[in-house]
Amino acid sequence: MILWRRNGPGLVQKEETLSRGTLNMAGHFNPCCAAQTYQIKISPVPGKAILHVADSLFSVERGGRKGHPRVLLVLIDGWPSDDLDQASVLARESGINVFMVSVAKPSADELPMVPDKDFTRKAVCRDNGHFSYSIPSWFTANKHVKPLTQRLCSMDHLLCSKMCYNSVNLGFLIDGSSSVGDQNFQMVLDFLAGIAQHFDISEVGARVGAVQFTYDQRLEFGLFDHSEKQKVLSAINNIYYMSGGTATGAAIEFATNHLFRRRGPGRNFLILVTDGQSYDDIRAPALAAQKQGVHMVTVGVAWAPLEDLRDMASEPKGNNTYFTREFTGLKEFIPAIVKGVCRHFNDNN
Numbered sequence: 061m062i063l064w065r066r067n068g069p070g071l072v073q074k075e076e077t078l079s080r081g082t083l084n085m086a087g088h089f090n091p092c093c094a095a096q097t098y099q100i101k102i103s104p105v106p107g108k109a110i111l112h113v114a115d116s117l118f119s120v121e122r123g124g125r126k127g128h129p130r131v132l133l134v135l136i137d138g139w140p141s142d143d144l145d146q147a148s149v150l151a152r153e154s155g156i157n158v159f160m161v162s163v164a165k166p167s168a169d170e171l172p173m174v175p176d177k178d179f180t181r182k183a184v185c186r187d188n189g190h191f192s193y194s195i196p197s198w199f200t201a202n203k204h205v206k207p208l209t210q211r212l213c214s215m216d217h218l219l220c221s222k223m224c225y226n227s228v229n230l231g232f233l234i235d236g237s238s239s240v241g242d243q244n245f246q247m248v249l250d251f252l253a254g255i256a257q258h259f260d261i262s263e264v265g266a267r268v269g270a271v272q273f274t275y276d277q278r279l280e281f282g283l284f285d286h287s288e289k290q291k292v293l294s295a296i297n298n299i300y301y302m303s304g305g306t307a308t309g310a311a312i313e314f315a316t317n318h319l320f321r322r323r324g325p326g327r328n329f330l331i332l333v334t335d336g337q338s339y340d341d342i343r344a345p346a347l348a349a350q351k352q353g354v355h356m357v358t359v360g361v362a363w364a365p366l367e368d369l370r371d372m373a374s375e376p377k378g379n380n381t382y383f384t385r386e387f388t389g390l391k392e393f394i395p396a397i398v399k400g401v402c403r404h405f406n407d408n409n
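Numbers given in our numbering equal positions in the sequence shown, counted from 1, plus 60.
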């Protein structure tokens, strides 16, 4: 629990300064499920308090758990005297679900003194009614614990948790043809591990799976085989090089059918890495994958035809097509690919 005074925040003991009503209410909360919850009781400067929480209190050093929903329950008595715009934007971008509980809302006579009458709508995660709550008085606060807890624990409604880094399904489609070679294949694996490293992989977070192909296809591991980042990185590193021909079209169809389950829009991504021309048709399978909600990113090396890469990539093709002459250049694409994945996710969620 955080108490915000005008001279700054502090983690406080219950007996120090909090009112009996606040403590009774806080004591009854047993935040549920996998959510990480902070409560803050605020003097009229919630903007600064929310900035403080968003900036530091969900860090690993403070006990934050990656891949779990972040919930901030703000209890405010009266109305704010500072600006909430910057704080609310930062909280949303940080994946924090801000709930605003107004206790003893301003009366009709007090409303003219409130500088921003829409402060609740600005502060909450989403202005849809789920994240705002009103309590008439501290004396009746305990009666509202159960309905508030139900809202906090409604995982499907914690919309601000669904960030790119903890929500996407990443499928890696890896060319294992003979032209790649052992040393270059390891560079491909390092490249893909570098992409996976940026995401919060967990049971409730991002998921990663991989398929290797030549003329045949092999499911190296599925999206739900590993729920910890270190295990995913280890699984990538342990992929055994197949060696063989190149049938990219069949591999796209295989990956689409074996990696992805139907989920929300903009969450399924297939990142293809290939060094040559396919012996089969690539356009129809790529189009079919995209119609099923799979966003395709193509990465070509050496002899991979740029025209084929563009044909397989999702729109806008210029943002989803990458090419390098040397395998050593793959690592340079990691920041742009991660940014592109998140841009597409944010545009569709």
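No residue lacks a Cβ here, since even glycine has one placed at the ideal position from N, Cα and C.
Pick out whichever of the options has its Cα sitting closest to the Cα of residue i.
i: glycine 360; options: Thr334, Ala346 and Pro345; result: Thr334
i: aspartate 142; options: Val174, Ser116, Ser162 and Val158; result: Val174
i: phenylalanine 405; options: Asn328, Arg130 and Gly124; result: Asn328
i: tyrosine 193; options: Leu133, Glu170, Ser221 and Asp242; result: Leu133
i: serine 338; options: Ala348, Gly309 and Leu330; result: Gly309
i: asparagine 298; options: Phe320, Leu252, Arg130 and Val398; result: Leu252
i: glycine 326; options: Glu392, Ala373, Val228 and Asp340; result: Val228
i: aspartate 115; options: Glu153, Asp187 and Leu319; result: Glu153
i: serine 374; options: Gln350, Ala295 and Thr180; result: Gln350
i: lysine 289; options: Tyr225, Asn379 and Pro207; result: Tyr225
Considering only residues of the same chain and omitting the five flanking positions on each side of residue i, which have a CB-CB separation below 6 angstroms?
i: methionine 223; result: Gly155
i: valine 292; result: Ala256, Ile261, Val268 and His286
i: leucine 332; result: Leu233 and Thr358
i: arginine 370; result: Lys377 and Thr381
i: valine 184; result: Val158, Met160, Phe191 and Ser192
i: arginine 130; result: Gln96, Phe118, Gly155 and Ile156
In whole angstroms, what separates the C-alpha of residue i from that of residue j?
i: alanine 151; j: glycine 107; result: 10 angstroms
i: phenylalanine 118; j: valine 149; result: 16 angstroms
i: leucine 135; j: isoleucine 110; result: 11 angstroms
i: glycine 389; j: glutamate 367; result: 20 angstroms
i: phenylalanine 281; j: valine 105; result: 49 angstroms
i: cysteine 213; j: glycine 400; result: 31 angstroms
i: histidine 355; j: alanine 168; result: 52 angstroms
i: cysteine 402; j: asparagine 408; result: 10 angstroms
i: glycine 241; j: glycine 189; result: 57 angstroms
i: cysteine 220; j: aspartate 340; result: 42 angstroms
i: phenylalanine 217; j: aspartate 178; result: The residue asked about is misnamed: residue 217 is histidine in this sequence, not phenylalanine. Rounded to the nearest angstrom, the two C-alpha atoms are 22 angstroms apart.
i: valine 271; j: alanine 396; result: 22 angstroms
Look up residue i in the DSSP assignment and say whether it is helix, strand or coil.
i: glycine 378; result: helix
i: arginine 278; result: strand
i: threonine 82; result: Residue confidence is low: threonine 82 scores 49 on pLDDT, short of 50, so the model does not pin down where it sits. Its coordinate-derived value is still stated next. Three-state result, threonine 82: helix.
i: alanine 253; result: helix
i: methionine 223; result: coil
i: isoleucine 394; result: helix
i: phenylalanine 118; result: coil
i: alanine 151; result: helix
i: histidine 355; result: strand
i: glutamate 75; result: Here glutamate 75 scores only 33 on pLDDT, less than 50, and its place in the model should not be relied on; the value that follows carries that caveat. Reduced to three states, the DSSP call for glutamate 75 is helix.
i: leucine 218; result: coil
i: glutamine 416; result: Since the first residue of the chain shown is 61 and the last is 409, residue 416 is not available in this structure.
i: alanine 364; result: coil
By Cβ distance, which residues of its chain are closer than 7 angstroms to residue i, with the 5 residues on each side in sequence left out?
i: aspartate 145; result: Lys182
i: tyrosine 275; result: Gly304, Gly305 and Ala307
Short of 8 angstroms in beta carbon distance, which residues of its chain neighbour residue i, apart from the five on each side in sequence? Order them along the chain.
i: alanine 164; result: Asp137, Gly138, Ile195, Pro196, Ser197 and Trp198
i: methionine 372; result: Thr308, Ile312, Leu332, Ile342, Arg343, Ala346, Met356 and Thr358
i: alanine 364; result: Thr334, Asp335, Gly336, Gln337 and Phe383
i: isoleucine 394; result: Phe251, Gly254, Ile255 and His258
Quick one: does residue i have its CB under 8 angstroms from some CB of chain B?
i: glutamate 170; result: Absent here is chain B; the protein component of the structure consists of one chain.
Inter-stretch contact (C-beta, 8 angstroms, three-pair minimum) for the segment 195 to 202 and the segment 232 to 252: no
Touch test, the segment 300 to 307 against the segment 232 to 241, Cβ-Cβ under 8 angstroms, three pairs minimum: yes
Three or more C-beta pairs below 8 angstroms linking the segment 338 to 355 and the segment 309 to 318: yes
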